[in-house]
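For reference, the structure discussed in these notes is given below.
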Amino acid sequence: MLKDITLGQFFPGKSILHRLDPRMKIVLSILYIVVIFLCKNLAAFAFITLFTAAMVVLSGISLRTILKGIKPLIFILAFTAIYNLFFYGGDRLLVKLGFIEIYYEGAMYAVAMVVRIVCLLVGSSVLLTYTTSPIMLTDGLERLLSPLSKLKLPVHEFSMMMTIALRFIPTLIEETDKIMNAQKARGSDFSSGSLVRRAKALIPILIPLFISSFRRAGDLAVAMECRCYRGGNGRTKMTQLHLSFRDFAMLFVILLCGAAVLLINRFVPGFSL
Amino acid sequence: MTDYLISVKDLSFTYPESEDAHREHPVLNHISLDIERGSFVCILGHNGSGKSTLAKLLNMILTPTSGQILIDGKDITDPQMTEEDIFEVRRSIGLVFQNPDNQLVATVVEEDVAFGPENLGIPPAEIRERVDNALRAVGMTEYAGHSPHQLSGGQKQRVAIAGLIAMLPKCIIFDESTAMLDPQGRKEVMNTIGMLNREKGITVLHITHNMDEAVAADRVIVINEGEIYLDGTPRQVFSEIDKLNAAGLDVPQVTALFAELRQCGFGLPADILSEEEGAELLASALT
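Residue numbers (this note's numbering), protein chains in the order written: chain A, 1 to 273; chain B, 274 to 560.
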């Protein structure tokens, strides 16, 4: 049962988005988010939606996966839409139902906000989480932030912690399964009773899990020391990251997209935020 | 003069500040032993006999209370040792632990093998080469891109061994590395250990409970109560059945069988180690 949990949201593939340098992907994601927030009018939002759709196609991730990713946000999206629709004032009244007044501006604002949130989520997951393995992401982050280690920020240590956490998640899941089975064999019941009761039933699982994690941590620390680990100083890396033509091509595309949005904001008439 | 890789002289160790009073007595008590370069030595002893402590002392995870350890002629108990010297000792004396899960660091097999050389600051191209060679040596090349949790226990131990080989050690100490494995994994690891010793000339110190594994060694050392109890070839050591039993250790099944037959008055030798050998002797005795 616990084995079905997928780690992160990574979907292996060979698309151009998969093959980009992770450092570049992090930079691109930030730029992409900036571009979304630059959008001011409906035409610009339409443009960024198209752009996002194009990225989805490029990534080769199925539409179903993307929709699944949006699903948990439905409540927030609905709330945003309704809130803006009913409470955003303006001067072009569309509908009046008793005390409820819906303005043209409110309707536009609601659409814009929903599009913004959806693009933000879909775009950044297609660029980063769906197409980058967690280990690449950690690696990219470490190298991108490595200048900060000059300011005595423990960048290497954080990335090491991330790597170890990722390494041990499957191990701990396996162990949880084992402990749960052991407790079940002794007659414990995790699936019935009130919420409080079920939460209490988890204690005999968590405590052994905690203790064994500490033991594992101790063992691992000694093993790492035996393999000459002494932090990030003087450490080299086997895999080297290289920025290639496609990385710069993608950067150019995003910058172009940003420029297009600015132009649309300025020259295409219509409702503006 | 014989070429010793490891020389231990009058070594004692007591765990500092231990809370239980009964641990106050030394874990290792004035031990002296020499390990020849390129040999395959098995260290036997029941739980708490101090054999794992010895392993940790040899690669400087622990510091001896008194005595001297020479690795390749260099005194590692010298207080003048710099950090560089300590890491050099840890590089040349690799340690493989019992639990295969708790010694792999990275999420991908080849990244894990690269961990040691990366710590040594070796240039990337050379790390790549060492990793490929190490994986080939333990027969795990096809698993290079796998994640450790997809592997069996024996495979994980082989990855851990590859991680040490990539650091080009002189000696590898196996601290009960086969204890948690199933028979198949045990066989894989034992074959790998034998290969390393024979083909790569790596000195092997194999700490184990399993008597059948000890038979394969050049030399068997039995540690009991922190002291060296027996030391010799497997044949010499396993013929001392009474002494071994007194130390809480068994002998291989065949050896035990022959000992009982001798007690019943059959004129059979005491130093039988392999089942084939035993079967032949029995057959010739019966005809």
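The beta-carbon is built from N, C-alpha and C at its ideal position, and this holds for glycine as well.
Chain order gives no chain B residues near LYS14(A), where near means a beta carbon separation below 8 Å; the closest approach is about 14 Å. Within chain A, no C-beta atom comes nearer than 7 Å to that of ASP455(B); the closest sits roughly 16 Å away.
Counting only residues of its own chain and dropping the five nearest sequence neighbours on each side, VAL524(B) has a CB closer than 7 Å to the CB of MET484, PHE511, ILE514, LEU517. Uninterrupted beta strand (DSSP E) stretches at least 3 residues long and entirely within the stretch 11-82 of chain A do not occur. Contact between the stretch 37-51 of chain A and the stretch 87-96 of chain A is absent, with fewer than three C-beta pairs closer than 8 Å.
Residue contact with chain A for ILE279(B): absent (no Cβ-Cβ distance below 8 Å to any residue of chain A).
Contact of GLU391(B) with chain A by beta-carbon distance below 8 Å involves ARG235, THR236, LYS237, MET238. Taking a cut-off of 8 Å for Cβ pairs, the stretch 302-321 of chain B and the stretch 490-508 of chain B touch, as three or more such pairs fall below it.
Nearest to ALA552(B) by alpha-carbon distance, out of ARG535(B), PHE531(B), PRO397(B), is PHE531(B).
For ASN406(B), the enclosing alpha helix (DSSP H) stretches over residues 397-410.
Distances from the CA of LEU393(B) to each of ALA410(B), LYS329(B), LEU441(B), GLU415(B) were compared; the closest alpha carbon is that of LEU441(B). Where CYS444(B) is concerned, the enclosing beta strand (DSSP E) starts and stops at 444-448. Take ALA417(B), set aside five residues on each side of it, and the residues of its chain with a beta-carbon closer than 7 Å to its own are VAL382, GLU383, LEU408, in chain order. Remark: C-beta atoms of THR476(B) and SER420(B) do not approach each other more closely than 8 Å.
Put simply, the stretch 143-160 of chain A does not touch the stretch 106-122 of chain A. Fewer than three CB pairs are less than 8 Å apart. Within the same chain, ALA410, ILE438 come within 8 Å of LYS473(B) by CB-CB distance, once the 5 residues on both sides are set aside.
Nearest in C-alpha terms to VAL155(A), of all of VAL122(A), THR138(A), ILE169(A), ILE70(A), is THR138(A). In the displayed model, CYS537(B) falls within coil according to three-state DSSP, outside both helix and strand. Taking 8 Å as the threshold, the shortest C-beta distance from ASN464(B) to chain A does not fall below it. No Cβ of chain B is located within less than 8 Å of the beta carbon of MET161(A). In the three-state reduction of the DSSP assignment, HIS298(B) falls in the coil class, being assigned neither a helical nor a strand state. For the set VAL111(A), GLY258(A), CYS228(A), HIS18(A), the Cα lying nearest the Cα of LEU128(A) is the one of HIS18(A). Residue pairing from DSSP places ILE304(B) in a beta bridge opposite LEU284(B). Remark: C-beta atoms of TYR130(A) and PHE11(A) approach each other more closely than 8 Å.
Residues of chain B with a Cβ closer than 9 Å to the Cβ of MET224(A) are, in chain order, GLN376, VAL378, PHE388, ASN392. When beta bridges are read from the DSSP output, HIS479(B) appears opposite CYS315(B), PHE447(B). Judged by their CB atoms, LEU330(B) and PHE286(B) are nearer to each other than the 8 Å cut-off. Under the DSSP assignment, ILE102(A) falls outside any alpha helix (DSSP H), being part of the beta strand (DSSP E) whose first and last residues are 100-103. Contacts with chain A at 8 Å (Cβ-Cβ) include ASN372(B). Interface with chain A (8 Å Cβ-Cβ cutoff): HIS422(B) is included. Checking the DSSP bridge columns, you'll see SER272(A) partnered with ASN41(A). Interface criterion met: the Cβ of PRO396(B) is under 8 Å from a Cβ in chain A. Taking C-beta separations shorter than 7 Å and ignoring five residues to either side along the sequence, the partners of LEU377(B) in its chain run ASP385, PRO421, LYS429, VAL432, ALA433, following chain order.
About 13 Å separates the beta carbon of VAL253(A) from that of PHE47(A), a gap too long to meet the 8 Å contact definition. Chain order gives the chain B residues near THR171(A) as ASP374, HIS422, where near means a beta carbon separation below 7 Å. The Cβ atoms of LEU327(B) and LEU301(B) sit closer than 8 Å to each other.
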